[in-house]
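A.B. asks:
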Amino acid sequence: MSLSGSVRFPLLITCLSITLAGVSCTGGGSTESSNPLSSKGNNRPPVIKSAKILNSPLLLSRPVEVQIDAEDPEREPISFQYRWYLDNVLLAGQTNPTLPAEQLRRGQAVSVELTPADGTQKGEAYRTASVVVGNTPPRISSVALSPQTIEIGERLEAMVEASDPDHDRVDLTYRWLKNNVVIKEGEEPFLMTTGLIPQDQIAVEVTAHDPSATGNSLRSAALMVGNRPPKILSVPPASDATSPYEYMVKAVDPDGDHMTFQLDMAPPGMTIHEQSGQITWSIPSNQYGTFHIKVFAKDGQGGTAFQEFDLTLSAPAPTAPAGA
């Protein structure tokens, strides 16, 4: 069987119309579309209901962020294009959701133009109200004490690193603490350590100020006042001493600690009084030569001082024979 001509088959097309409620999107970031693109003829563009720059006034210590309230009639995900302005002048290349603080100076007015898109259509652009960059307080980044070993009677200084994002003058105030109790306040960056005693804990808390605002406060790590050793001041008698040999060891302790004395090296029979430091030696008649002596002064807190010296005993000259 042969057919001639053409055969036409009927084609049935069914169109479904789907309507979705609106969607609200609030946030500072972009939301990318993950759905298949809708037909542009049926798709309605997203709308920004409101937007504002967060934080007023703006500070140079953090980036500028924007909060957006937007909706899409088809409930499709919304993304945003960003165009940042300073004093109504477009910032070239600044298209991210946040504006770095490095771009700003005090007194400038910041705004952003936002354009929503749903993957198919772009909505109308929305320009936020301008927000002014205000004064940013100074900031202290580190505080340390110098020197790290406290010498009682010497000066202890605060070493501070501080900066001001607006390049204002930075003034510092200090609170000096002993055992967590404030003992000095003011603008002097040092503390005289006269009157401190071993085991005292010393720290300083520093606060930064510029002409318009007060910045942060930062406290140093505490330093403990250490024990200072005693010092021996006396000088031993000259050698070739006669019996009995006596030497009063004199020492001072800068912390006022009670001291005791001890012989570490000495000839047999030599003694020292533990409390007074009096050395005594009844020299035997046949004792000659050089003897090494080492004496310690101790403060009972781990501090010591010592003195070493030699004592030389010469043999008597031989007696000439009678009648010689």
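Residues in the sequence shown are numbered from 10 upward in steps of one, following the working numbering.
Idealized CB from N, CA, C, for every residue including glycine.
#1: Have a look at the DSSP bridge pairing and note the partners of His218.
#2: Assign Gln157 to one of two classes, buried (16 or more other C-beta atoms within 10 Å of its C-beta) or exposed (fewer than that).
#3: State whether the stretch 144-160 contacts the stretch 223-233, with contact taken as three or more CB pairs (one from each stretch) at a distance under 8 Å.
#4: By Cβ distance below 6 Å, which residues in the same chain neighbour Phe305 in space, the five residues on each side in sequence not counted?
#5: Where does Asp319 land, buried or exposed, given buried means 16+ other C-beta within 10 angstroms?
#6: What residues are listed by DSSP as bridge partners for Tyr256?
#7: Helix, strand or coil: how does DSSP classify Ala79 here?
#8: Using three-state DSSP, classify Ser33 as helix, strand or coil.
#9: For Leu322, does the count of other Cβ atoms within 10 angstroms reach 16, so buried, or fall short, so exposed?
#10: Helix or strand or just coil, what does DSSP make of Asn52?
#11: So, is Ala79 buried or exposed, given that buried needs 16 or more other C-beta atoms within 10 angstroms?
#12: Going straight from the alpha carbon of Val261 to that of Gln287, what length do you get?
#13: Whole angstroms are fine: how far does the CA of Ile149 sit from the CA of Ala60?
#14: For Val119, collect the residues of the same chain with a Cβ closer than 8 Å to its Cβ; drop the 5 residues on either side in sequence, then sort them by chain order.
#15: Give the DSSP-derived three-state secondary structure of Ala306 in the structure shown.
#16: Take Met201 and list the residues in its own chain whose beta-carbon comes closer than 7 Å to its own, dropping the five residues that flank it on each side.
#17: Do the stretch 170-186 and the stretch 241-259 meet, that is, are 3 or more Cβ pairs less than 8 Å apart?
#18: Can you list, in chain order, the residues of its chain with a C-beta nearer than 6 Å to that of Gly132? Leave out the 5 residues immediately preceding and following it.
#19: Have a look at Pro82, Met268, Ser226 and Leu99 and flag the residue whose alpha-carbon is nearest the alpha-carbon of Arg136.
#20: Whole angstroms is fine: what's the gap from His218's alpha carbon to Glu83's?
#21: Assign Thr223 to buried or exposed, taking buried as 16 or more other Cβ atoms, counted over all protein chains shown, within 10 Å of its Cβ.
#22: The beta strand (DSSP E) spanning Met168 covers which residue range?
C.D. replies: In this structure, then:
#1: Position 209 of the sequence shown, counted from the first residue, corresponds to residue 218. Asp180 and Thr223.
#2: The residue you call residue 157 lines up with position 148 of the sequence shown. By the neighbour-count rule (16 or more Cβ atoms within 10 Å), Gln157 is not buried but exposed.
#3: yes
#4: Residue numbering aside, residue 305 sits at position 296 when the sequence shown is read from its first letter. Only Gln271, Asp273, Thr313 and Phe315 meet the Cβ criterion.
#5: Working through the sequence shown from its first residue, we reach residue 319 at position 310. That one is exposed.
#6: Counted from its first residue, the sequence shown places residue 256 at position 247. Answer is Ile288.
#7: In the sequence shown, the residue the question calls residue 79 occupies position 70. Three-state DSSP puts Ala79 in a strand.
#8: For the purposes of this step, residue 33 is taken as the residue at position 24 of the sequence shown. The predicted position of Ser33 is uncertain, since its pLDDT is 36 and thus under 50; a value taken from the coordinates is nonetheless stated next. The DSSP-derived three-state label of Ser33 is strand.
#9: Within the sequence shown, numbered from 1, the residue matching residue 322 stands at position 313. Result: buried.
#10: Here residue 52 refers to the residue found at position 43 when the sequence shown is read from its first residue. The answer is coil: DSSP assigns Asn52 none of H, G, I, E or B.
#11: Sequence index remark: in the sequence shown, residue 79 carries index 70 (1-based). When all chains shown are included, Ala79 counts as buried.
#12: The sequence position of residue 261 within the sequence shown is 252, counting from 1. The sequence position of residue 287 within the sequence shown is 278, counting from 1. If I take the Cα positions, the gap works out to 15 Å.
#13: Reading the sequence shown from its first residue, position 51 is the one you call residue 60. Reading the sequence shown from its first residue, position 140 is the one you call residue 149. Near 34 Å, if we compare the C-alpha coordinates of Ile149 and Ala60.
#14: Taking the sequence shown and counting its residues from 1, the one referred to as residue 119 is at position 110. Taken in chain order, the residues that qualify are Ile62, Leu67, Val73, Trp93, Tyr94, Leu95, Leu108, Leu113, Ser139, Val140, Val141 and Val142.
#15: Position 297 of the sequence shown, counted from the first residue, corresponds to residue 306. Correct three-state label for Ala306: strand.
#16: Here residue 201 refers to the residue found at position 192 when the sequence shown is read from its first residue. Excluding sequence neighbours, Met201 sits near Arg164.
#17: no
#18: Your numbering for residue 132 matches position 123 in the sequence shown. Contacts found: Pro54, Pro55, Val56 and Pro125.
#19: Residue mapping note: residue 136 aligns to position 127 of the sequence shown, counting from 1. The shortest Cα separation from Arg136 among Pro82, Met268, Ser226 and Leu99 belongs to Leu99.
#20: Translated into positions along the sequence shown, residue 218 becomes position 209. Translated into positions along the sequence shown, residue 83 becomes position 74. About 53 Å.
#21: Along the sequence shown, one-based indexing puts residue 223 at 214. A residue is called buried when at least 16 other Cβ atoms come within 10 angstroms of its Cβ; Thr223 does not meet this threshold and is exposed.
#22: Here residue 168 refers to the residue found at position 159 when the sequence shown is read from its first residue. Met168 -> beta strand (DSSP E) spans Arg164 to Ser172.
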